[in-house]
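Asker:
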Amino acid sequence: MPERREPSPRTGRRPSTTRESLAAVGIELFRTRGFDETSVDDIAEAAGIARRTFFRYFPSKNAVAWGDFDGQLERMRRRLAEVQSDDSLADALTAALLDFNTFPASETERHRARMELILRTPALQGYSSVMYQGWRAAIAEFVARHTGARPDDHIPRTVAYLVLGVAVASYEQWLTDAESDLHDLLGTGMLTLSEGLGPTDHPFERG
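Counting from 1, one number per residue, gives the positions in the sequence shown under UniProt numbering.
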C-alpha cells in the first residue's frame, strides 16, 4: 500500500493541527452526529482549518477514522525487520501485534470510539478492506522472509489472515465487554493461533 506523506508545515496553519488531532475532531463528530451525517466541511470547520487543509492530512472522510494508520504500519514493518532469523515467528508476531495496538490509557475512550466506527459503520467497510490489505501485506512479507517463501504464497498469506482475524476478534470482544483487557484478548488469541486448536475441553459431539 502506498504510504501517504506527512504534511509539511505551511504558513497560516494552526500549529496545534496534526493528523491525530484532526482525526480526534472527526471521530467526535462521527460519534455525536453520525458518520453519514458528518461532512469534510463539518470536520474542517470544527478543527478551525480550511477544507483544502483537511486534504493535506487525509484523502477522504473515510480515512479520518483510521488516523495515522500508515505511520503505525511503517513502525510495525521496521519492528518486524529487526527480528532475527532464529527468533520465534509466533513470539515476533505476538509482540508486533501487541505493540501495534498499544495506546495511552488516556486515549482508551477515543480508541474505543474509533474501533466502533471502523468495525460497525457500513459505509466504512469498503475502505477498511483496503486498509486491512496493507496490514496483511506487512505480515505476509515478514513471514515470507522467515520461511523462504513469497509473500503471496499460501502459508504467508494464511498467517496474515489469521493474525488479522485475532486482532479483529479481540477488538469485537473488547467493544462488547467493557471489563475486558485488550492486550489480554490479543495475547490469548495469538496463543490459540500459535498452539492450534488442539484438544478441547468440550469435544464436538458426533451424530
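Yeah, the Cβ is synthetic: ideal placement off N, Cα and C, and Gly gets one too. These numbers come from a predicted model, not from an experiment.
Considering I27, what are the terminal residues of the alpha helix (DSSP H) in which it resides?
Answerer: If you number the sequence shown from 1, residue 27 lands on position 27. I27 -> alpha helix (DSSP H) spans 19-33.
Asker: In three-state DSSP terms, what is G189?
Answerer: Counting from 1 along the sequence shown, the entry for residue 189 is found at position 189. Here G189 sits in helix by DSSP.
Asker: Tell me which same chain residues have a C-beta within less than 8 Å of the C-beta of D152, skipping the five on either side of it?
Answerer: Residue mapping note: residue 152 aligns to position 152 of the sequence shown, counting from 1. Contacts found: A140.
Asker: When you compare each of R112, Q133, I27 to N62 by their alpha carbons, which one comes out closest?
Answerer: Locating residue 62 in the sequence shown gives position 62, where the first residue counts as 1. Comparing Cα-Cα distances from N62 to each of R112, Q133, I27, the minimum goes to I27.
Asker: I'd like to check one pair, L117 with Y171: are the Cβ atoms closer than 8 Å?
Answerer: Sequence index remark: in the sequence shown, residue 171 carries index 171 (1-based). Sequence index remark: in the sequence shown, residue 117 carries index 117 (1-based). Not in contact: Y171 and L117 (Cβ atoms no closer than 8 Å).
Asker: Closer than 8 Å by C-beta to A44: which residues in its own chain qualify, once you throw out the five before and the five after it? Chain order, please.
Answerer: Translated into the one-based positions of the sequence shown, residue 44 becomes position 44. Contacts found: A50, R51, T53, F54.
Asker: Can you tell me whether DSSP reads S194 as helix, strand or coil?
Answerer: Translated into positions along the sequence shown, residue 194 becomes position 194. Reduced to three states, the DSSP call for S194 is helix.
Asker: Using 8 Å as the cut-off, can you tell me whether the stretch 65-84 makes contact with the stretch 149-164, which would need three or more C-beta pairs spanning the two stretches below that distance?
Answerer: Under the Cβ criterion (8 Å, minimum of three pairs), the stretch 65-84 does not count as touching the stretch 149-164.
Asker: Where does V83 sit, in a helix, a strand or coil, going by DSSP?
Answerer: Indexing the sequence shown from 1 puts residue 83 at position 83. Residue state, collapsed to three classes: coil.
Asker: Quick check on P9: does DSSP put it in helix, strand or coil?
Answerer: Here residue 9 refers to the residue found at position 9 when the sequence shown is read from its first residue. At P9, the pLDDT of 39 sits below 50, so the modelled position is not reliable; the number obtained from the coordinates is stated separately. P9: coil per DSSP, three-state reduction.
Asker: Between the C-alpha atoms of P158 and E82, what's the straight-line distance to the nearest angstrom?
Answerer: In the sequence shown, residue 158 corresponds to position 158, counting from 1. In the sequence shown, residue 82 corresponds to position 82, counting from 1. It should be noted that the sequence gives Thr, not Pro, for residue 158. Inter-residue distance for T158 and E82 is about 22 Å (C-alpha atoms, whole angstroms).
Asker: The alpha helix (DSSP H) that contains T94, what's its start and end?
Answerer: What you label residue 94 is simply residue 94 of the sequence shown in a count that begins at 1. Here the alpha helix (DSSP H) through T94 covers 89-100.
Asker: Grab the span of the alpha helix (DSSP H) containing G67 for me, first residue to last.
Answerer: To locate residue 67, count along the sequence shown from 1; it is residue 67. First-last for G67: undefined, no H or E at that position.
Asker: By alpha-carbon positions, which one of Q72, S85, G126, S180 ends up nearest to F100?
Answerer: Reading the sequence shown from its first residue, position 100 is the one you call residue 100. For F100, the nearest C-alpha among the options comes from Q72.
Asker: Would R114 and G189 qualify as a contact pair, given that the criterion is a beta-carbon distance under 8 Å?
Answerer: Position 114 of the sequence shown, counted from the first residue, corresponds to residue 114. Position 189 of the sequence shown, counted from the first residue, corresponds to residue 189. Contact flag unset, no.
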